[in-house]
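Quick note, the sequences are listed as chains A and B, same order.
Its first residue numbered 1, the first sequence is counted upward by one per residue in full-length UniProt numbering.
Its first residue numbered 1, the second sequence is counted upward by one per residue in full-length UniProt numbering.
Backbone N, C-alpha and C fix where the C-beta goes; we use that ideal spot for every residue, glycine too.
Report on the following structure.
2 protein chains.
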Amino acid sequence: MPVLELNAADQYVVVTGDTPLLEVYAALPEGLVPPFPPVELPGGVGGLVLRGGFAQTFFFPAEVLGLVLCTPDGREVRAGGRVVKNVQGYDLVRPVVGSFGLLGEVREVVLRLRPARARGLARREGRLEDLSEPLPRFVWQDAAWVYVFHYGHPREVERFAEAFGGEALAEGLDYTPRFPNGMGVGEGPLRDRRFAWTDGGERPPVPEVFWRLARALGLA
Amino acid sequence: MPVLELNAADQYVVVTGDTPLLEVYAALPEGLVPPFPPVELPGGVGGLVLRGGFAQTFFFPAEVLGLVLCTPDGREVRAGGRVVKNVQGYDLVRPVVGSFGLLGEVREVVLRLRPARARGLARREGRLEDLSEPLPRFVWQDAAWVYVFHYGHPREVERFAEAFGGEALAEGLDYTPRFPNGMGVGEGPLRDRRFAWTDGGERPPVPEVFWRLARALGLA
């Protein structure tokens with residue numbers, strides 16, 4: 001479950017699908033962050049990608065630069081690349097992101113890294129919906145608590161922290177014990193702006209046209 | 001060929017696929033810009049989307065919030081939505097962007113708009129590859145000239161203009177007379193960071209796995 005390649009100059013990291021999220025954080029140099037908050041979730045980076053990310057307030061699929069997909073009929077497919085400007089079309093990366101396993105499993109992922117001279121994780125009592133714009137990079141709810149994680153220029157991070165209030169937290173929350181049967185969509189205390197997440201939850205309803213794509217890649 | 005809906009508050013516009021690019025510019029209020037420079041290209045917004053954009057230095061597919069696709073077997077498919085936070089997975093929008101018509105034609109497009117308190121188009125003699133980071137939002141080459149279009153905060157736009165030098169241009173260049181047989185990829189004087197564009201040019205080579213997706217949507 002390793003980090004396969006880290007390129008700080010070109011700001012990307014290549015990891016196997018089963019790499020835990022916090023292992024990615026541990027492998028990065030100070031000043032670079034991946035497109036997920038410093039929490040552990042089921043299924044590692046591959047699981048995260050198949051669920052379409054967690055808690056982000058930005059367009060997560062753009063941060064997945066490339067991947068190796070193992071299709072349901074057992075073929076291995078490389079899609080995308082290692083740098084943003086290589087995005088040329090015939091995009092197979094983005095439909096895989098948030099596909100909840102329908103197009104196959106993710107063996108390897110190339111993630112874009114972003115510069116973060118400062119960063120901060122905090123929580124306070126309240127509701128996700130009551131946060132005001134501009135939103136931090138990540139926001140989520142756990143029962144009565146709202147969590148935010150932001151990074152960037154030190155002054156900006158400080159401004160966000162002051163506006164939010166609450167208590168600062170150490171990085172490294174582990175949500176995996178909540179999901180012994182897998183992380184799916186359904187009523188539960190943990191939710192972000194897209195979904196509420198629950199143990200053993202379902203995948204969201206699949207549009208008919210997406211089933212056709214899935215069948216094309218060998219799903220029975 | 002109309003602009004169907006303009007929502008300045010939520011920063012999106014809905015247009016038919018055949019809407020000319022400069023008509024979109026003309027329909028927008030001062031201070032909002034679409035994800036393409038103020039130039040006319042063949043095929044309107046639908047053509048632009050199928051080619052994966054023009055001259056952008058950012059991740060263009062993220063700016064296409066939704067679309068109506070007419071698949072090769074004649075079905076009409078709605079994909080995506082109208083706001084960024086509705087991106088939920090099973091993404092059929094992004095594979096269509098840059099698909100060069102392989103998955104069907106684009107009947108309708110929802111484009112994200114960005115705030116632009118200032119903007120500027122300029123050119124100078126030189127080479128695209130010699131521009132230094134950070135790059136303006138759009139850069140392209142036409143024969144011996146480099147063109148840049150940037151927008152944003154007035155001070156930032158001014159900074160970019162000073163760094164670039166050259167001559168400021170009026171918006172509204174029309175490149176369509178160069179492409180009587182359609183805009184495709186191939187050697188020619190007009191190029192961006194992805195491709196050189198030529199009259200009657202081809203689509204880029206299609207990966208085998210993408211053919212499978214195309215066949216799933218009814219391509220013979």
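Taking the alpha helix (DSSP H) that A:A214 belongs to, which residues open and close that run?
208 to 216
B:L169 in three-state terms, based on DSSP
coil
Give a yes or no on whether the minimum CB-CB distance between A:A55 and chain B is below 9 Å.
no
Out of B:P207, B:R215, B:G218, which one is the CA nearest neighbour of A:Y90?
B:P207
Which residues in chain A sit within 8 Å of B:G120, going by Cβ to Cβ distance?
Neighbours of B:G120 on chain A: none; closest Cβ ~22 Å, over 8 Å.
So is residue 221 of chain B in contact with chain A if we call contact Cβ pairs under 9 Å?
Residue 221 of chain B lies beyond the residue range present for chain B, which begins at 1 and ends at 220; the question has no answer from this structure.
With a cut-off of 9 Å, does the C-beta of A:V206 fall near any C-beta of chain B?
yes
Check the Cβ of B:S99 against every Cβ in chain A and list those closer than 7 Å, keeping chain order.
G89, Y90
Cross-chain neighbours of B:D213 in chain A, by beta carbon under 7 Å
The residue asked about is misnamed: residue 213 of chain B is Leu in this sequence, not Asp. Going along chain A in sequence order, the residues near B:L213 (Cβ under 7 Å) are L213, A216.
Any beta-carbon of chain B closer than 9 Å to the one on A:V146?
no
Rounded straight-line distance, which links the Cα of A:W145 to that of B:A196:
52 Å
Quick check on the burial criterion: 16 or more other C-beta atoms within 10 angstroms. Buried or exposed for B:R127?
exposed
Residue nearest to B:R117 in terms of C-alpha spacing, selected from B:D192, B:G46, B:A214, B:G31
B:G31
Out of B:Y147, B:V185, B:V14, point me to the one whose CA is closest to B:E125's CA.
B:Y147
Strand pairing of B:Q56, partner residues [DSSP]:
B:F138
Is B:F138 buried or exposed, if buried means 16 or more other CB atoms sit within 10 Å of its CB?
buried
With a threshold of 9 Å between beta carbons, is A:F36 in contact with chain B?
no
Counting along the chain, where does the beta strand (DSSP E) carrying A:P95 start and finish?
Where A:P95 is concerned, there is no enclosing beta strand (DSSP E), although the alpha helix (DSSP H) it sits in stretches over 93 to 96.
Could you name the residues of the region 190 to 204 of chain A whose beta carbon sits closer than 7 Å to any beta carbon of chain B, in the order they occur along the chain?
R193, R194, P204
According to DSSP, is B:D130 part of a helix, a strand, or is it coil?
helix
Beta-carbon separation of A:V39 and A:L113 under 9 Å?
no
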